[in-house]
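Using UniProt numbering, read the sequence shown as starting at 1 and increasing by one per residue. The next block holds one structure in the form of structure tokens; read it before the comments.
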Amino acid sequence: MLPAACCQQPSAHLQQSWAEVIDVGHNHSRHRYPPPLASVYHSQPPPSLVFCCFVVSFVFCLISPLLVSNKASAMADLQTPLRPKRKKDIADFLVKFRWIIVIFIVLPISATIYFLNYLGELSSAMKSDKKREKEHEENLRKVVNRLKQRNPKKDGLVCTARKPYIAVGMRNVDYKRARHFAVDLSALRNILCIDKERMVAKLEPLVNMGQITRVAVPMNLALSVVADFDDLTVGGLINGYGIEGSSHIYGLFSDTIVALEVVLADGRVVRATKDNEYSDLFYAIPWSQGTIGLLVSAEIKLIPIKEYMKLTYKPARGNLKELSKAYADSFAPTNGDQSKVPDFVEGLIYSPTEAVFMTGVYASKVEAKKKGNVINNYGWWFKPWFYQYAQKALEKGEFIEYIPTREYYHRHTRSIYWEGKLILPFGDQWWFRWLLGWMMPPKISLLKITQIEAIRNYYHDRHVIQDILIPLYKVGDALEFIHQEMEVYPLWLCPYRMFKLPVKTMIFPEPGFELHRRQGDTSYAQMFSDIGVYYAPGPVIRGEEFNGVEAVHRLEQWLIENHGFQPQYSVSELNEKNFWRMFDGDLYEKCRLKYGAVGTFMSVYYKSKKGRKTEKEVQEAEAAVLEPTCAEEA
């Protein structure tokens, strides 16, 4: 899943990194956890080199067009009907030279923030579990007291006090522009407990993935589903959307919850599990975007892991339907033999005819260090970006290597999948990675805060950031539809097991799926797949007209017709009627009424809706929900 960055229009030079033909080696040693001066998960060069790196990098940035090949990438060579050429405007100029702001402002500040966050994590780790729990109780009381101060007749609806630009996502957080009542949750960022006996981690909502893996992996433990971007938080992954390469076994991040601690509209603090009196709340919170109550902690399943990930890179060629079949075969044996199901699965489709599918299984240090095995210490800042490195399989054929587990988890962080290529067109070059790669990635919040309205609108109209969930057997159809409508490559594929639950939640399997027993399905779960669509569309790369609003609208209609779902972090063009055609709202609305959320928290549709929300618009929507209830009581 991509934490959508605000990205630059691609230049004509989208060639593969020089590192694909220069062997930088695999067997470098690295610091053990925690590395000194670690910003996220990679080591940093000595601070004395920083100034020289900036000077040399600036020179390279200016002459980079002379250092790269003039051939366009496969992304720009798609054979599709040409559209009318688009006239360039001032936004094109601003986007083209945005890298100057990124290098000299965004990256240095990002590196500083990463370092300060790291120090904060170390400080928290030094505290005892009892002290962290005591602090949690104190902060919880502050949240409850603040919520009780709200006057429903005078104050707006409840929102967190977090600034809109801090959210990791492409969607503009416009709902906070309306009058609202802010509740500060910023202190809730601690790992409260790692319970090895219960195999559960108790986490506050602002704990991020980099933070939890830094603590758990040295214990040979991990969350069942570890989202691969470091800054993604527990609260966002539960209230919203979280998927990773292990989701074909464990489901979404929200499927791995053991218990939720929630502050309700009236200030009550409840603990919801799947089998207690708040079980309806337990199932309704995921995908609700925090519109039923305030999540203040969660207990998440842990699994035992090993030190390395044994990763197999397997190339595939053919048309999109054939690639989708190869993808399904990579993790879902047609004979149903569960012993052949890998621990991790990921697919990267580089063009309409080429893909690389990766499967990983946990491996011990003893196995990884056996003679003849290749170890790739991917955490070094100068390493090639992962999606480009994986593409080498198309030339060299299938190969196997061992990657330290934590470095594998966060393999796409440094390049923000491939969006980094659009933010910094030369960011994948060997000289940039060696000189400034240690400061990557730029903070998404800083990318947002340094863009003006014209650039923001540019990205919405001429760039695609979407994840879609569709049944596995429809992946081929979805790939052809995306190619026809958007021509975005690479595409990210990740399978997801959607469980049949005792209640119908906002997302749900197809009725009667268990009768068909399609590839990947079981009697208790239907296999879905995420398709990540992150990049500038082919027409934009070629300088042609492209209507992003219409393309997304057609994609959403296709999803509704094919039992697909669109995560709410994405920019959505759905109206309210179609939103509830895509999602099931029965349990959600019942819980909002039962727990007093209506009139206190904004509804999930209006929170996800594109564009600015006026206070009047939101209040009218809330009143419409309350009216039928009042009529029934009368």
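Built from N, CA and C at the ideal position, the CB exists for glycine as well.
Stretch pair the stretch 344–362 + the stretch 426–446: three plus CB contacts closer than 8 Å:
no
Identify the residues that DSSP records as bridge partners of P352: which are they?
Position 352 of the sequence shown holds residue 352. Paired residues: none, contrary to the question.
Just verifying my parser: in three-state terms, what is the DSSP assignment at L140?
Working through the sequence shown from its first residue, we reach residue 140 at position 140. DSSP places L140 in helix when its eight states are reduced to three.
In or out: Q502 buried (at least 16 other Cβ within 10 Å) or exposed?
Your numbering for residue 502 matches position 502 in the sequence shown. Inspection of the sequence shows that residue 502 is occupied by Pro rather than by Gln. Classification of P502: exposed, given that the 10 Å Cβ count is below 16.
How would you write the range of the beta strand (DSSP E) that I465 sits in, first residue to last?
Taking the first residue of the sequence shown as 1, we reach residue 465 at position 465. I465 -> beta strand (DSSP E) spans V464 to P471.
As a quick exercise: from S364, V269, L491 and K443, pick the residue whose alpha carbon is nearest that of L323.
Position 323 of the sequence shown, counted from the start, is the residue given in the question as residue 323. Nearest of S364, V269, L491 and K443 to L323, Cα basis: L491.
Considering only residues of the stretch 302–381, which uninterrupted beta strand (DSSP E) runs meet the minimum length of 3 residues and lie entirely inside it, listed in chain order?
308–317, 344–351 and 354–363
To which residues of the same chain is D586 closer than 8 Å at the C-beta, ignoring the five residues directly before and after it?
Here residue 586 corresponds to residue number 586 of the sequence shown, with the count starting at 1. So the list reads K504, once near-sequence residues are dropped.
Mapping DSSP to helix, strand and coil, what is T256?
Translated into positions along the sequence shown, residue 256 becomes position 256. Helix at T256.
Compute the Euclidean distance between the alpha carbons of V106 and D275, then round it to the nearest angstrom.
As a working mapping, residue 106 is identified with position 106 in the sequence shown. As a working mapping, residue 275 is identified with position 275 in the sequence shown. Rounded to whole angstroms, V106 to D275 spans 47 Å at the Cα level.
Under a Cβ-count criterion, where at least 16 other Cβ atoms within 10 Å of its own Cβ denotes burial, should P152 be classed as buried or exposed?
As a first step, residue 152 is located in the sequence shown; it is residue number 152 there, counting from the start. Counting Cβ neighbours within 10 Å, P152 comes out exposed, since fewer than 16 surround it.
If contact is defined by three or more beta carbon pairs under 8 Å, each pair taking one atom from either stretch, is the stretch 302–318 in contact with the stretch 508–527?
no
Spatial distance of A340 from F331 (CA atoms):
Here residue 340 refers to the residue found at position 340 of the sequence shown. Here residue 331 refers to the residue found at position 331 of the sequence shown. It is worth fixing the name first, because residue 340 is Lys in this sequence and not Ala. The straight-line gap from Cα to Cα measures roughly 8 Å.
Got a sec, what are the start and stop residues for the beta strand (DSSP E) I452 sits in?
Here residue 452 refers to the residue found at position 452 when the sequence shown is read from its first residue. Here I452 belongs to no beta strand (DSSP E), and DSSP marks it neither H nor E.
Considering only residues of the same chain and omitting the five flanking positions on each side of L281, which have a CB-CB separation below 8 Å?
Here residue 281 is taken as the residue at index 281 of the sequence shown, counted from 1. Cβ within range, chain order: L260, V262, V270, A272, I292, G293, C591 and Y595.
What number of angstroms, rounded off, separates the C-alpha of V40 from the C-alpha of S608?
What you label residue 40 is simply residue 40 of the sequence shown in a count that begins at 1. What you label residue 608 is simply residue 608 of the sequence shown in a count that begins at 1. At V40, the pLDDT of 36 sits below 50, so the modelled position is not reliable; the number obtained from the coordinates is stated separately. For V40 and S608, the distance between alpha carbons rounds to 30 Å.
Start and end of the alpha helix (DSSP H) containing K594?
As a first step, residue 594 must be located in the sequence shown, where it is residue number 594. Start and end: D586 to K594.
Taking only runs that begin and end inside the stretch 515–562, name each unbroken beta strand (DSSP E) of 3 or more residues, in chain order.
525–535
Going by CA-CA distance only, name the one from V215, Q338, G156 and G372 that's closest to G599.
Position 599 of the sequence shown, counted from the first residue, corresponds to residue 599. For G599, the nearest C-alpha among the options comes from G156.
Determine the direct distance from the alpha carbon of Y278 to that of I541, and round the result to whole angstroms.
Translated into the one-based positions of the sequence shown, residue 541 becomes position 541. Translated into the one-based positions of the sequence shown, residue 278 becomes position 278. Answer to the nearest angstrom: the Cα atoms are 50 Å apart.
Restricting to runs no shorter than 4 residues, where is the alpha helix (DSSP H) found entirely within the stretch 214–289?
234–239, 247–250 and 279–284
Would you give the residue range spanned by the alpha helix (DSSP H) that L479 belongs to?
Working through the sequence shown from its first residue, we reach residue 479 at position 479. Residues V475 to E485.
Hey, could you find the ends of the alpha helix (DSSP H) Y118 is sitting in?
Here the question's residue 118 lines up with position 118 in the sequence shown. Unbroken alpha helix (DSSP H) run through Y118: L107 to A125.
Check R414 in the structure and name its three-state DSSP category.
Residue mapping note: residue 414 aligns to position 414 of the sequence shown, counting from 1. Three-state result, R414: coil.
K202 - partner residues in DSSP beta bridges
Locating residue 202 in the sequence shown gives position 202, where the first residue counts as 1. Answer by DSSP bridge pairing, in chain order: C193 and E299.
Assign R581 to one of three DSSP states: helix, strand, or coil.
Along the sequence shown, one-based indexing puts residue 581 at 581. R581: helix per DSSP, three-state reduction.
Nearest candidate by alpha-carbon position, reference K163, set V488, E485 and K448
One-based indexing of the sequence shown puts residue 163 at position 163. If we check each option's Cα against that of K163, K448 comes out closest.
Looking at the secondary structure, which residues open and close the alpha helix (DSSP H) in which R406 lies?
Start at 1 with the first residue of the sequence shown, and residue 406 comes out as number 406. Here the alpha helix (DSSP H) through R406 covers T405 to Y409.
Quick one: any contact between the stretch 438–454 and the stretch 412–429, if contact means 3 or more CB pairs under 8 Å?
yes
What's the gap between the Cα of N376 and the Cα of M527?
Counting from 1 along the sequence shown, the entry for residue 376 is found at position 376. Counting from 1 along the sequence shown, the entry for residue 527 is found at position 527. Near 31 Å, if we compare the C-alpha coordinates of M527 and N376.
Report back the beta-carbon spacing between K365 and E307 to the nearest angstrom; my notes put them in contact at under 8 Å.
For this step, residue 365 is matched to residue 365 along the sequence shown. For this step, residue 307 is matched to residue 307 along the sequence shown. Correct: roughly 4 Å between the Cβ atoms.
Contacting residues, own chain, Cβ-Cβ under 7 Å from F579 (five flanking each side not counted):
To locate residue 579, count along the sequence shown from 1; it is residue 579. Contacts found: Y605.
Endpoints, the alpha helix (DSSP H) within which V95 is located:
Locating residue 95 in the sequence shown gives position 95, where the first residue counts as 1. Run containing V95: I90 to K96, per the alpha helix (DSSP H) assignment.
Exposure label - M358; buried when at least 16 CB within 10 Å:
One-based indexing of the sequence shown puts residue 358 at position 358. M358 comes out buried.
Taking the beta strand (DSSP E) that A182 falls in, what are its first and last residues?
Looking up residue 182 in the sequence shown gives position 182. Its beta strand (DSSP E) spans residues H180 to V183.
Does V158 come out as helix, strand or coil in the three-state DSSP assignment?
Translated into the one-based positions of the sequence shown, residue 158 becomes position 158. In this structure, V158 counts as strand in the three-state DSSP scheme.
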